[in-house]
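Residue numbers (my numbering): 5 to 86.
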């Protein structure tokens, strides 16, 4: 699997586990929700500094964002607002 896809799936997975919306994660990181969406879809490559900030915000070590999981158990659309 493409590394950007793995990174994106892991950002979504750990964001979901932490109970954060894309909007909230974006607010914490001072980026747009659109940027988070592009990361999660594997459409953008973040800087190392941004990866470190994402990992810190999600309370994980940065290397975990690059580890492919066998199963992510996430819905296609995650609604944490309601």
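Beta carbons: idealized from backbone N, C-alpha and C, even for Gly.
Note that this is a predicted model, so its numbers are computed, not measured.
Selection from the options that minimises the alpha carbon distance to residue i
| i | options | result |
| --- | --- | --- |
| residue 31 | 11, 51, 61 | 61 |
| residue 10 | 54, 33, 49, 34 | 49 |
Buried versus exposed call for residue i [16 or more other C-beta atoms within 10 Å across all chains shown]
| i | result |
| --- | --- |
| residue 45 | exposed |
| residue 23 | exposed |
| residue 52 | exposed |
| residue 75 | exposed |
Range of the contiguous alpha helix (DSSP H) that encloses residue i
| i | result |
| --- | --- |
| residue 27 | 26 to 33 |
| residue 45 | No alpha helix (DSSP H) contains residue 45, which DSSP labels as neither H nor E. |
| residue 69 | That residue, residue 69, is in no alpha helix (DSSP H); it is neither H nor E in DSSP. |
Would you be able to state if there are at least three C-beta pairs under 8 Å between the stretch 67 to 77 and the stretch 37 to 45? no
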